[in-house]
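Have a look at the structure below before the remarks.
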Amino acid sequence: AQTVTQSQPEMSVQEAETVTLSCTYDTSESNYYLFWYKQPPSRQMILVIRQEAYKQQNATENRFSVNFQKAAKSFSLKISDSQLGDTAMYFCAFRGSTLGRLYFGRGTQLTVWP
Amino acid sequence: EAQVTQNPRYLITVTGKKLTVTCSQNMNHEYMSWYRQDPGLGLRQIYYSMNVEVTDKGDVPEGYKVSRKEKRNFPLILESPSPNQTSLYFCASSPSAGRLNEQYFGPGTRLTVT
C-alpha cells in the first residue's frame, strides 16, 4: 500500500501571510497523481489542487500552489495571502496505478487568525 | 444540481444492530467509493466500485459490506456494528476511476455506536 505522510498536525498563520503545508509519500511507481483537499468546519471535502507526476511544472490555482519534488517524493502546498476562510483541515492524497484507490494523509489543521 | 447524497446524516445506534447508510448520486457516475474519517488518521478507503456489480476492498473493509446493484446507489452496510466503527463516513463518486480529480463527496454521515 502507498503511504502519505503529513508531519504537521496543526499550523497557524496570520491573515495575509503565506503558509506551507508539507506532504511526503512513498511509492515505487513513476506515474501517479497527487491532490490537496480542503475540509472546512462544514466537513465538505473540496479539491484544492492536483498534480500529475509526469508534469514537471508545479500546479497553481489562484492563491494555492504546490512544490512538487518527485525525486524527494515531496508535495507541499503553499497558500499565499491567507484568508480567514482558509481555516480548515487539509489532506494530501495519492492516486497510483491501481484505478479507484486513493490514499490520504492524516491531515493538517490550519488556522488563519486575524 | 449535481450532488452526492447520504442518509442518514447522523446516527446513534447500539452494538450489533444492523444498519445501512445510503449513498446516491445524480451524475451518472461509474465510480463510487466509501471512506471513513477518524481524528488523527485522516480518511481511509473502505470499499469502492468501478461500475455496477463491480466492487473491491479498500484499506479497512472489515466489518462492512457494500453492493452496487444500480449505478446511482452504493449503500454501506454494517451487519453487526461495533464501537470501533464510530466514525465520520463519506461517500464519493466520479465519472470513472481514472478521473478522481472530478470526485464529488457527499456531506458525510456521523455514526456513533454505543
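Protein chains in written order, with the numbering used here: chain A, 408 to 521; chain B, 6 to 119.
In this text, a Cβ means the ideal position worked out from N, Cα and C, and glycines have one as well.
- Contiguous alpha helix (DSSP H) elements confined to the segment 53 to 100 of chain B do not occur, taking only those with 4 or more residues.
- Excluding the 5 residues flanking it on each side, B/Asn56 has same chain C-beta neighbours closer than 8 angstroms at Glu35, Tyr36, Arg73 and Lys76, in chain order.
- Cβ-Cβ separation between A/Gln413 and A/Thr518: approximately 15 angstroms, too far for a contact (criterion under 8 angstroms).
- With its beta carbon less than 9 angstroms from one in chain B, A/Met452 belongs to the interface.
- Proximity of the segment 475 to 484 of chain A to the segment 13 to 27 of chain B falls short of the contact definition, fewer than three beta-carbon pairs being nearer than 8 angstroms.
- For the segment 496 to 517 of chain A, the set of residues with a beta-carbon nearer than 7 angstroms to any beta-carbon of chain B comprises Phe498, Arg502, Leu506, Gly507, Arg508, Leu509, Phe511, Gly512, Arg513 and Gly514, in chain order.
- Cβ contact annotation for B/Asn33 (same chain, cutoff 7 angstroms, sequence separation greater than five): Lys76, in chain order.
- With distances taken between CA atoms, B/Gly45 lies nearest to A/Gln415 out of A/Val420, A/Tyr444, A/Gln415 and A/Lys462.
- Judged by their CB atoms, A/Phe498 and A/Gly507 are not nearer to each other than the 9 angstroms cut-off.
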